[in-house]
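S.K.: Below is the structure I would like to discuss, written out as structure tokens.
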Amino acid sequence: MSKIFLTGASGFIGAEIIRIALADGHQVANFDIAEPHYPGQLQFWQHGDVRDAAAVKAAISQFAPDYVIHLASDTDVSITELDQFKTTIDGTRNVTNAVAELPMLARFVHISTQFTVRPGITPRDEQHLEPYTIYGEAKAETERIVRGAALPVPWIIIRPTIIWGPHHPSFADNIFRHIRTRAYLHPTGSGKIIRAFGYVENTADQIYRLALDTQGKVTKSVYYVGDEALDYDLWADAFSIGLSGKKARRIPVAFLTLMGKVGDIFHKIGLPAPIDSGRAFRMSTSSAIDLSPTLDVTGAPPVSFDDGVKATLSWLADKR
């Protein structure tokens, strides 16, 4: 039995990691500013803010973990300046400083994002950073912090792909709502758009297995997590049929791009817009990612695409 200390594990991905770890008989501690969304995990929660260096150090030292999984990050989509990412950047610095004083730690796991590299670009190597969006820039900075910390323990950086599933913090009120009301327009006309997706339970299982690798299969410093590179049409249509009874409405990429430019103008003058150039780019650009290094360690994802869709649709139905 191991002791696993997690930051920011009250929500979407972290709660699933805790569920898996508990089922395997491990001790867990969740250091998070927010209360867990699973009431059964309250007993493992410690209210804490990773921006407080002393509190982070004290909590980690007291728990004396074998593994640390750092998920805590800013989630406010309105952040527009890099120096506003205090939880993401300062929090990562505080956690790595605390980890540096634990020379017997089995592994430190830092959760980053696929957006440290712009969609459509294949990284030259593990240290190739070409961030996309201000959030991607903030996460790229955290990767630099981890690499520059000269930690005395094994560490890995994990980059989640497009993670979906029950309890997603924004999908229910955004893309899934638009799909249900037939307001969502799916890009077409530029060939297949291949994107890497990950069902949340599978992603949590992968992070857990990469963190606790006991067979020496973890040999890289960066791992992407997700299920597979999937035709975006299949993902959109599965939810559109489940939510509206019909396949997703289509729009030519050229028109989608034009809508994005109009949205940019609306945003500049302070008006709301359903889409901007950034979203149009993400929707219409393939971002196929080689997940084989991860799957070599973790094995095939335990939850099938169809079962993940069913579970997500059930959760959405319960929310209505």
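Here the working numbering is used: the first residue of the sequence shown is 4, the next is one more, and so on.
All C-beta atoms, glycine included, are put in the ideal place defined by N, C-alpha and C.
1. When the Cα of V306 is compared with those of R282, G168, P172, which residue comes out closest?
2. What residue ranges within the stretch 147-181 form continuous beta strand (DSSP E) runs of no fewer than 3 residues, ordered along the chain?
3. Would you give the residue range spanned by the beta strand (DSSP E) that V31 belongs to?
4. For the beta strand (DSSP E) that contains E231, what are its first and last residues?
5. Per DSSP, A199 forms a beta bridge with which residues?
6. Kindly indicate which residue of Q46, Y70, W48, G139 has the alpha-carbon position closest to the one of S76.
7. Could you check where the alpha helix (DSSP H) with T222 kicks off and where it finishes?
8. Compute the distance between the beta-carbons of I182 and E144, then report whether it is under 8 Å.
9. When the Cα atoms are used, what is the spatial distance from A61 to V156?
10. Tell me whether E19 sits in a helix, a strand or coil according to DSSP, three-state version.
11. Please name the residue or residues paired with K6 in a DSSP beta bridge.
12. Which stretch, first to last residue, makes up the beta strand (DSSP E) that contains H113?
13. In terms of alpha-carbon separation, which member of A153, Y202, L154, V300 lies closest to F174?
14. Ordered along the chain, which non-local residues of its own chain (more than five positions away) have a Cβ less than 6 Å from that of V225?
15. For I72 versus A101, is the C-beta spacing smaller than 8 Å?
16. So, F242 versus F284, is the Cβ gap smaller than 8 Å?
17. Alpha carbon to alpha carbon, what distance is there between R96 and A152?
18. With respect to the alpha helix (DSSP H) encompassing I268, which residues constitute its N-terminal and C-terminal limits?
19. Could you have a look at S290 and say whether DSSP puts it in helix, strand or coil?
20. Check whether the Cβ atoms of H113 and W48 lie closer than 8 Å to each other.
21. By DSSP, does L188 sit in helix, in strand, or in coil?
22. Am I right that R198 and S289 are in contact with their C-beta atoms under 8 Å? What's the rounded C-beta distance?
23. On the DSSP bridge list, what partners appear for H73?
24. Considering only C-alpha positions, which residue in the set E84, T99, P122, Y70 is nearest to M107?
25. With a cut-off of 8 Å, do at least 3 Cβ pairs link the stretch 250-268 to the stretch 182-192?
26. Just how far apart, CA to CA, sit A215 and R110?
27. If distances are taken between C-alpha atoms only, which option among G14, A56, F66 comes closest to L45?
28. Between which residues of its own chain and G275 is the CB-CB distance below 8 Å, once the five residues before and five after are set aside?
29. Rounding to the nearest angstrom, what Cα-Cα distance links F308 and A314 in this structure?
M.R.: Inspection of the coordinates gives the following:
1. In the sequence shown, residue 306 corresponds to position 303, counting from 1. With distances taken between Cα atoms, V306 lies closest to G168.
2. Within the stretch 147-181, the complete beta strand (DSSP E) runs of at least 3 residues are 158-163, 165-167.
3. Along the sequence shown, one-based indexing puts residue 31 at 28. That run of the beta strand (DSSP E) goes 30-35.
4. Within the sequence shown, numbered from 1, the residue matching residue 231 stands at position 228. Its beta strand (DSSP E) spans residues 231-234.
5. In the sequence shown, counting from the first residue as 1, residue 199 sits at position 196. Answer is A232.
6. As a working note, residue 76 is residue 73 in the sequence shown. The residue with the shortest Cα to Cα distance from S76 is G139.
7. One-based indexing of the sequence shown puts residue 222 at position 219. Looking at the DSSP string, T222 is not in any alpha helix (DSSP H), and its letter there is neither H nor E.
8. As a first step, residue 182 must be located in the sequence shown, where it is residue number 179. As a first step, residue 144 must be located in the sequence shown, where it is residue number 141. Going by C-beta atoms, I182 is not nearer than 8 Å to E144.
9. Looking up residue 61 in the sequence shown gives position 58. Looking up residue 156 in the sequence shown gives position 153. Cα to Cα, the separation comes out at about 19 Å.
10. Your numbering for residue 19 matches position 16 in the sequence shown. In the structure shown, E19 sits in a helix (DSSP, three-state: H, G or I).
11. Residue mapping note: residue 6 aligns to position 3 of the sequence shown, counting from 1. Its beta-bridge partners are Q30.
12. For this step, residue 113 is matched to residue 110 along the sequence shown. Counting along the chain, the beta strand (DSSP E) containing H113 begins and ends at 110-114.
13. For this step, residue 174 is matched to residue 171 along the sequence shown. Minimum Cα distance to F174 is reached at Y202.
14. Within the sequence shown, numbered from 1, the residue matching residue 225 stands at position 222. The residues are E129, I160.
15. One-based indexing of the sequence shown puts residue 72 at position 69. One-based indexing of the sequence shown puts residue 101 at position 98. Inclusion of I72 and A101 in the CB contact set at 8 Å is not warranted, their separation being larger than that value.
16. Translated into positions along the sequence shown, residue 242 becomes position 239. Translated into positions along the sequence shown, residue 284 becomes position 281. For the pair F242 and F284, the CB atoms are not nearer than the 8 Å cut-off.
17. Counting from 1 along the sequence shown, the entry for residue 152 is found at position 149. Counting from 1 along the sequence shown, the entry for residue 96 is found at position 93. Answer to the nearest angstrom: the Cα atoms are 9 Å apart.
18. Numbered from its first residue, the sequence shown carries residue 268 at position 265. Its alpha helix (DSSP H) spans residues 256-271.
19. The sequence position of residue 290 within the sequence shown is 287, counting from 1. S290: strand per DSSP, three-state reduction.
20. Translated into the one-based positions of the sequence shown, residue 113 becomes position 110. Translated into the one-based positions of the sequence shown, residue 48 becomes position 45. Contact check for H113 against W48 fails: the beta carbons are separated by 8 Å or more.
21. The residue labelled residue 188 in the question sits at position 185 within the sequence shown. Of the three classes helix, strand and coil, the one that applies to L188 here is strand, per DSSP.
22. What you label residue 198 is simply residue 195 of the sequence shown in a count that begins at 1. What you label residue 289 is simply residue 286 of the sequence shown in a count that begins at 1. Yes, R198 and S289 are in contact; Cβ-Cβ is about 7 Å, under 8 Å.
23. Locating residue 73 in the sequence shown gives position 70, counting from the first residue. For H73, which the question treats as bridged, DSSP gives the partners T10, H113.
24. Sequence index remark: in the sequence shown, residue 107 carries index 104 (1-based). Checking every option, the nearest Cα to that of M107 belongs to Y70.
25. Two segments are said to touch when three or more pairs of C-beta atoms, one from each, lie closer than 8 Å; by this definition the stretch 250-268 touches the stretch 182-192.
26. Residue mapping note: residue 215 aligns to position 212 of the sequence shown, counting from 1. Residue mapping note: residue 110 aligns to position 107 of the sequence shown, counting from 1. Reading the sequence as shown, one finds Leu at residue 215 and not Ala. Between L215 and R110, the C-alpha separation is close to 8 Å.
27. Numbered from 1 along the sequence shown, position 42 holds the residue referred to as residue 45. Among G14, A56, F66, the Cα nearest to that of L45 belongs to G14.
28. On the sequence shown, position 272 is the one that residue 275 refers to. A quick correction: the sequence has Pro, not Gly, at residue 275. Cβ neighbours of P275 beyond the five flanking positions: F269.
29. Locating residue 308 in the sequence shown gives position 305, where the first residue counts as 1. Locating residue 314 in the sequence shown gives position 311, where the first residue counts as 1. Using only the alpha carbons, I get a separation of about 10 Å.
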